[in-house]
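For the sequence shown, counting from 1, position 61 maps to 61 in UniProt numbering; every step adds exactly one.
What follows is a short report on a single structure.
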Amino acid sequence: MNDFYEFAQQCAEAISNALEVDTVIVNRELIRIAAAGKYKSRARTKIPSYYHLSEMIRTGKEFVQETSKSEVCAECPEKNICKEKVNIGVPIMDEKNLLGGIGLTFITEKQLETFISKRESLIKFVRNIAELLASKIKEYEIVRRLELNNSQLNAIFSSINDGILITDVDGNIVNCSDSIFKLVKVSKKTLIGQNVKDVFEKFDMKYTNEKQKTTKLNEIKLKNRKEILLCSISQIEANNAVNGKIILLMEPKNIETAIYRRIHEQRIFKFDDMIGQSQAFCESVNLGKKIAGFDSNVLILGESGTGKELFARAIHYNIGENRSQFIAINCAAIPEALLESELFGYEEGAFTGAKQSGKPGKFELANGGTIFLDEIGDMPLHLQAKLLRVLQEQVVERIGGIRAIPIKARVISATNKNLKKMIENKEFREDLYYRLNVFEITIPPLRERKDDIPLLVNHFIAKYCDKLQITEKKIEDEAMTALINYEWKGNVRELENTIEYLCCISSNEIISFNDVKGKIQVNGNENIKNSKKATEVNKLNEHVLENEEVMTIKDLEKREIKKALAKYGHTKEGKTDAAKALGISRATLYRKLKEYNIKSQNAN
Numbered sequence: 001m002n003d004f005y006e007f008a009q010q011c012a013e014a015i016s017n018a019l020e021v022d023t024v025i026v027n028r029e030l031i032r033i034a035a036a037g038k039y040k041s042r043a044r045t046k047i048p049s050y051y052h053l054s055e056m057i058r059t060g061k062e063f064v065q066e067t068s069k070s071e072v073c074a075e076c077p078e079k080n081i082c083k084e085k086v087n088i089g090v091p092i093m094d095e096k097n098l099l100g101g102i103g104l105t106f107i108t109e110k111q112l113e114t115f116i117s118k119r120e121s122l123i124k125f126v127r128n129i130a131e132l133l134a135s136k137i138k139e140y141e142i143v144r145r146l147e148l149n150n151s152q153l154n155a156i157f158s159s160i161n162d163g164i165l166i167t168d169v170d171g172n173i174v175n176c177s178d179s180i181f182k183l184v185k186v187s188k189k190t191l192i193g194q195n196v197k198d199v200f201e202k203f204d205m206k207y208t209n210e211k212q213k214t215t216k217l218n219e220i221k222l223k224n225r226k227e228i229l230l231c232s233i234s235q236i237e238a239n240n241a242v243n244g245k246i247i248l249l250m251e252p253k254n255i256e257t258a259i260y261r262r263i264h265e266q267r268i269f270k271f272d273d274m275i276g277q278s279q280a281f282c283e284s285v286n287l288g289k290k291i292a293g294f295d296s297n298v299l300i301l302g303e304s305g306t307g308k309e310l311f312a313r314a315i316h317y318n319i320g321e322n323r324s325q326f327i328a329i330n331c332a333a334i335p336e337a338l339l340e341s342e343l344f345g346y347e348e349g350a351f352t353g354a355k356q357s358g359k360p361g362k363f364e365l366a367n368g369g370t371i372f373l374d375e376i377g378d379m380p381l382h383l384q385a386k387l388l389r390v391l392q393e394q395v396v397e398r399i400g401g402i403r404a405i406p407i408k409a410r411v412i413s414a415t416n417k418n419l420k421k422m423i424e425n426k427e428f429r430e431d432l433y434y435r436l437n438v439f440e441i442t443i444p445p446l447r448e449r450k451d452d453i454p455l456l457v458n459h460f461i462a463k464y465c466d467k468l469q470i471t472e473k474k475i476e477d478e479a480m481t482a483l484i485n486y487e488w489k490g491n492v493r494e495l496e497n498t499i500e501y502l503c504c505i506s507s508n509e510i511i512s513f514n515d516v517k518g519k520i521q522v523n524g525n526e527n528i529k530n531s532k533k534a535t536e537v538n539k540l541n542e543h544v545l546e547n548e549e550v551m552t553i554k555d556l557e558k559r560e561i562k563k564a565l566a567k568y569g570h571t572k573e574g575k576t577d578a579a580k581a582l583g584i585s586r587a588t589l590y591r592k593l594k595e596y597n598i599k600s601q602n603a604n
C-alpha cells in the first residue's frame with residue numbers, strides 16, 4: 001500500500017503545483033493519505049469531523065463552498081482565525097463505493113482569482129485526478145488479491161502429499177513440490193535444473209492429449225530404481241502456445257489428489273455483445289471484425305460516449321478469449337508530469353518519489369497483447385515523439401534508464417478530436433498519425449443511428465431493473481419517441497445514464513413522457529414538445545418496405561422474441577441463448593412468453 005501512498009502524494013503535488021493551491025487527499029477514515037502546500041506536514045493525520053471534507057465523505061457529494069456563506073464554517077471552532085476563502089471537495093469513487101476524496105483550499109486573493117476565472121476547468125481537472133486515483137486503488141486491490149492468491153496457491157502446493165513437477169517446454173524442471181522427496185528420494189534442490197528424461201526411464205513429454213490438454217494416469221519408472229509411480233501430465237499454455245508441463249506423480253496406492261489452477265480473466269467484450277442494426281453502425285462493426293485478426297495498429301474515431309474502448313476490446317478479443325492482456329490508459333485523464341512514467345515506466349531514482357525498485361510502464365505490461373491509448377489527441381508533443389520511437393523500434397526505455405526493453409504490442413488508439421486539423425495546426429505529429437492509423441474505424445454518433453435507440457433503451461431498462469432488483473419497467477410510445485428525437489450529444493453513455501435515472505425515478509411500471517421530459521430538461525440539452533399526445537415511433541429497420549405498417553413497441557418486442565426462438569430453439573438451452581441475444585434475463589423472457597401468449601414448440 002506504500003506504493004499507492006507515494007502515487008497519491010505525486011497526485012497531490014501535481015494538483016498543488018498546477019493550480020497553486022493547498023491540497024489534501026483523504027481516505028474513507030478521514031486520514032490524510034497525501035498532502036501538499038501548507039497541509040504537507042499534516043500528512044497521515046486525521047481531519048476534524050467539522051471540516052467540509054468530512055461532510056463530503058459522509059454524503060459522497062462533491063462541493064464548492066465559499067467559507068463566508070458556509071453553515072459548516074459557522075459551527076467551526078476555528079472560524080475566527082481561519083483565512084480560507086473557498087473549499088472544493090471531489091469524491092473518489094469506484095463503480096459503487098466511496099473510496100475517499102480530494103480537497104482544495106484557496107486562501108490568497110491570487111488563488112481566489114484563479115478559482116473564479118478557471119472554475120469549470122479546475123474542477124474537471126480534479127475529477128480526472130479522482131478517477132485516476134480510483135483506478136489506482138482498484139489496481140492495487142487486484143495486485144493485493146493476486147499476491148494473496150499466490151500465497152494460498154503456494155500453501156496448497158506445499159501441502160499436497162503427492163509430488164508435482166513443473167517443467168519448461170523442453171522438459172527441464174523449474175519447480176517442484178516439497179513432498180517430491182518421499183516419492184523420488186531426490187531433494188528438491190537437486191531436481192531443479194535437471195531434465196525429466198534424466199530422472200525417469202523412457203519419459204515421453206508427448207503424452208498429452210491435444211484435445212483434453214492432459215493425460216490419463218500412466219505408469220512411469222524412476223531411473224535406476226525399481227519403484228513405479230503413476231504419472232499425469234498437463235500442458236501450461238500462454239499466448240496460444242505450450243510453455244511447459246505440470247507433472248503429477250503419485251504412488252499407486254494413493255491415486256486420489258486435488259489439482260488447483262488459478263485463472264485471471266480480464267473483462268471480455270466481443271462484437272457479438274454490441275447492440276445495433278443501423279447501417280452505419282453495422283459497417284463499423286463489420287470492419288472491426290475484419291481487422292481483428294491482424295496485429296496492425298488501429299485508430300478509432302468517434303464522439304465522446306460512442307463506445308470507443310468497447311470497440312477496442314472487441315477487436316482484441318474477437319479471435320478468442322484467451323488472448324494475452326489488454327491494457328488501457330486515458331491520455332487525457334493523467335497529468336502531463338505523470339503520463340510519461342505511466343506509459344514507459346521508470347527506473348530507481350528517476351525522480352523524487354520514484355519507487356526504489358522502479359516500475360514498468362503500460363507498454364511493458366501490454367507486451368504480447370494490446371495497449372489502448374484513449375484520447376490520443378491530448379498527448380503532449382514531446383511524448384508523441386517518444387511514442388513514435390516505440391512504435392518504430394519496438395523497444396521501450398524507462399525514465400532514468402539506459403536499457404532498451406523489447407516489446408511487441410498492438411496499439412489501438414482513439415480520439416474525439418480532428419487529428420488532421422491538429423496536424424495542420426502543428427498540434428499533432430503527422431508521422432505518428434500514419435503510424436497509428438493503419439486501420440481507421442469511425443463510430444457513428446447516436447443521432448445518426450436513431451434506429452438503434454429503441455433496442456438500446458430496452459436493453460438498458462432490462463439491465464438496470466435487474467441491477468436495481470426491481471420489476472422490469474416498460475416505456476410508453478410517446479416517451480420512446482421523445483428519446484428517439486433527442487440529439488444525444490453524450491451519445492450512448494448519456495442514453496445509458498438517462499435510462500438508469502428513469503428506472504430509479506419512475507414511480508410506476510411504465511416510464512412516461514413526463515419522466516423522460518423531466519430528465520432531458522434537467523440536462524438542458526433540447527426542448528421536447530410539451531404534448532401528451534403520442535407521436536409516431538420511427539421505423540426500426542431501414543430495410544422494411546415503404547408501405548409496411550408501423551409497429552407498436554409491444555408488437556416489435558413480440559416479433560423479436562419469436563425471431564430469437566426461431567433461431568435458437570424452444571429448448572431450455574435455446575431459451576437461455578435467446579434471452580442473452582435479446583439482452584434480457586431468462587426469467588424476463590419466460591414472463592414475456594406468458595404475457596404475449598407465445599407457446600413453446602415441441603423440440604424433438
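Note that beta-carbon positions come from the ideal geometry of N, C-alpha and C, so glycine has one too.
A quick note: this is a predicted structure, and the numbers were derived from the prediction, not measured.
| Asked | Found |
| --- | --- |
| Restricting to runs no shorter than 3 residues, where is the beta strand (DSSP E) found entirely within the region 412-457? | 439-442 |
| Would you call the CB atoms of residue 47 and residue 64 closer than 8 Å? | no |
| Can you list the alpha helix (DSSP H) stretches of 4 or more residues lying completely in the region 86-130, in chain order? | 109-117 |
| Would you give the residue range spanned by the beta strand (DSSP E) that residue 33 belongs to? | 32-36 |
| Using the C-alpha atoms, what's the distance from residue 23 back to residue 587? | 50 Å |
| When DSSP labels each residue in this structure, what does residue 65 get in the three-state scheme? | strand |
| Spell out the partners DSSP gives residue 480 in its beta bridges. | Looking at the DSSP assignment, residue 480 forms no beta bridge with any residue, so it has no partner. |
| Which residue wins for smallest C-alpha separation from residue 426, given the options 142, 380, 141? | 380 |
| Out of 592, 109, 559, 451, point me to the one whose CA is closest to residue 281's CA. | 451 |
| With DSSP as the reference, please indicate the residues paired to residue 374 in a beta bridge. | 330 |
| Considering only the alpha carbon of each residue, which of 294, 334, 306, 300 lies closest to residue 317? | 294 |
| How many angstroms separate the CA atom of residue 180 from the CA atom of residue 186? | 8 Å |
| Under 8 Å: do the region 381-392 and the region 410-429 share three or more Cβ pairs, one atom per stretch? | yes |
| List the whole-angstrom C-beta distance separating residue 348 from residue 358, where the pair is believed to meet the contact cut-off of C-beta under 8 Å. | 5 Å |
| Taking all protein chains shown into account, decide if residue 52 is buried (16 or more other Cβ within 10 angstroms of its Cβ) or exposed. | buried |
| Measuring only the C-alpha atoms, how far is residue 197 from residue 191? | 12 Å |
| Tell me where the alpha helix (DSSP H) around residue 325 begins and ends. | Run containing residue 325: none; DSSP gives neither H nor E here. |
| Examine the Cβ distances between the region 302-313 and the region 431-444 and report whether three or more of them are shorter than 8 Å. | yes |
| Tell me which residue opens and which closes the beta strand (DSSP E) that residue 577 is part of. | No beta strand (DSSP E) holds residue 577; the alpha helix (DSSP H) holding it covers 572-582. |
| Where DSSP assigns a beta bridge to residue 406, which residues make up the other side? | 395 |
| What is the DSSP secondary structure of residue 163, reduced to helix, strand or coil? | strand |
| What does the alpha-carbon distance come out to for the pair residue 378 and residue 331? | 6 Å |
| With DSSP as the reference, identify every bridge partner of residue 250, one or two as the case may be. | 230 |
| Start and end of the alpha helix (DSSP H) containing residue 285? | 279-291 |
| Buried or exposed for residue 269, going by 16 or more other Cβ atoms inside 10 Å? | buried |
| Which residues bound the alpha helix (DSSP H) around residue 184? | 181-184 |
| In its own chain, which residues sit with a C-beta less than 8 Å from the C-beta of residue 597, not counting the 5 before and 5 after it? | none |
| Below 8 Å, can you find three or more Cβ-Cβ pairs linking the region 500-509 to the region 449-465? | yes |
| Helix or strand or just coil, what does DSSP make of residue 82? | coil |
| Find the nearest neighbour of residue 558 within the set 579, 572, 5, judged by alpha-carbon distance. | 579 |
| Distance, Cα to Cα, residue 600 vs residue 570? | 6 Å |
| Rounded to the nearest angstrom, what separates residue 577 and residue 103 at their Cα positions? | 49 Å |
| For residue 513, does the count of other Cβ atoms within 10 angstroms reach 16, so buried, or fall short, so exposed? | buried |
| Spatial neighbours of residue 561 within its chain, please: CB distance less than 8 Å, with the 5 preceding and 5 following residues excluded, ordered by chain position. | 578, 582, 589, 592, 593, 596, 598 |
| Is residue 486 near residue 520, with beta carbons less than 8 Å apart? | yes |
| Can you give the Cα-Cα distance for residue 552 and residue 473, rounded to whole angstroms? | 16 Å |
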